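Undergrad:
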Amino acid sequence: MEFQHLGALALFAFVSTMTPGPNNIMLMSSGAKVGFVRTIPHMLGVSLGFALMVVLVGAGLMGVLAAMPQSQTLLKCLSLAYLCYLALKIANSDHSKQETEFQPMTFMAAAGFQWVNPKGWSMALTAVTLYSHGHWQEVGIIAGVFLILNLPSVSLWAAAGTQLQRWLTTSRRVKGFNLTMAGSLLLSMLPMV
Numbered sequence: 001m002e003f004q005h006l007g008a009l010a011l012f013a014f015v016s017t018m019t020p021g022p023n024n025i026m027l028m029s030s031g032a033k034v035g036f037v038r039t040i041p042h043m044l045g046v047s048l049g050f051a052l053m054v055v056l057v058g059a060g061l062m063g064v065l066a067a068m069p070q071s072q073t074l075l076k077c078l079s080l081a082y083l084c085y086l087a088l089k090i091a092n093s094d095h096s097k098q099e100t101e102f103q104p105m106t107f108m109a110a111a112g113f114q115w116v117n118p119k120g121w122s123m124a125l126t127a128v129t130l131y132s133h134g135h136w137q138e139v140g141i142i143a144g145v146f147l148i149l150n151l152p153s154v155s156l157w158a159a160a161g162t163q164l165q166r167w168l169t170t171s172r173r174v175k176g177f178n179l180t181m182a183g184s185l186l187l188s189m190l191p192m193v
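In the UniProt record's numbering, the protein residues as written are 1 to 193.
Structure representation (structure tokens):
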């Protein structure tokens, strides 16, 4: 991979991981509900799960999806349905259950979530298509760049949620926050529809 392409890849990875999407919105919500430390497994699952996804997309999933276009449609529908379910759960989250009953996403759940995240699929397919010429070394570099740049991004979103804990002191504020996060999650799906 040429140096100027590495810079372009890094810029793409930075912008795509920092912008709001399902992962970042759920990390912010988790940070607000249970704090930064309890959100770390979720953050690591997002970062490592997405890097693995890039490697597997580069290894041939892209070819399978291109050969079977109906699988893309099915995956998209399942992903959007799951995100609607998550938005509903966030919107109906109760303030009294906030810290006691809320369970942040585990490492494995967050890593697995990448496979039903429409933004994740879009990012992985775009990155492999644009920055790889079918060489394993390039796919590894792409996954590594995303891993390195995703860690500060997920940390920032979880920390932002943690800072909101000071403000989320009444049921009304929590309900407003939950509805805003649920609505943001739904809005993040619009480019995929």
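C-beta atoms are modelled at their ideal positions from N, C-alpha and C, and glycine is treated no differently.
The structure presented is a predicted model; accordingly, all values stated were derived computationally and were not measured.
#1: Identify the continuous alpha helix (DSSP H) that holds H42 and give its terminal residues.
#2: Compute the Euclidean distance between the alpha carbons of Q98 and H133, then round it to the nearest angstrom.
#3: By alpha-carbon positions, which one of T39, I40, G45 and G58 ends up nearest to Q137?
#4: In or out: K119 buried (at least 16 other Cβ within 10 Å) or exposed?
#5: If we call anything under 8 Å between Cβ atoms a contact, is A143 one with V54?
#6: Going by other Cβ atoms of all chains shown within 10 Å of its Cβ, with 16 needed for buried, is V37 buried or exposed?
#7: Can you list, in chain order, the residues of its chain with a C-beta nearer than 7 Å to that of A91? Leave out the 5 residues immediately preceding and following it.
#8: Taking L86 and L185 to be in contact with their CB atoms under 8 Å, please state how far apart those CB atoms are, rounded to whole angstroms.
TA: Considering the structure as presented:
#1: Counting from one through the sequence shown, the residue named residue 42 turns up at place 42. For H42, the uninterrupted alpha helix (DSSP H) segment begins and ends at F36 to L56.
#2: Reading the sequence shown from its first residue, position 98 is the one you call residue 98. Reading the sequence shown from its first residue, position 133 is the one you call residue 133. For Q98, the predicted structure reports a pLDDT of 49, less than 50, and the residue's modelled location is therefore unreliable. A value from the coordinates is still provided. Separation of Q98 and H133 (C-alpha to C-alpha, rounded to the nearest whole angstrom) is 47 Å.
#3: Counted from its first residue, the sequence shown places residue 137 at position 137. The residue with the shortest Cα to Cα distance from Q137 is G58.
#4: For this step, residue 119 is matched to residue 119 along the sequence shown. When all chains shown are included, K119 counts as buried.
#5: Position 143 of the sequence shown, counting from 1, holds the residue named residue 143. Position 54 of the sequence shown, counting from 1, holds the residue named residue 54. Taking 8 Å as the cut-off, the Cβ atoms of A143 and V54 count as close.
#6: Looking up residue 37 in the sequence shown gives position 37. Exposed is the call here.
#7: Indexing the sequence shown from 1 puts residue 91 at position 91. These residues qualify, in order along the chain: N178, L179 and A182.
#8: Taking the sequence shown and counting its residues from 1, the one referred to as residue 86 is at position 86. Taking the sequence shown and counting its residues from 1, the one referred to as residue 185 is at position 185. In this structure L86 is in contact with L185, their Cβ atoms being roughly 6 Å apart against a cut-off of 8 Å.
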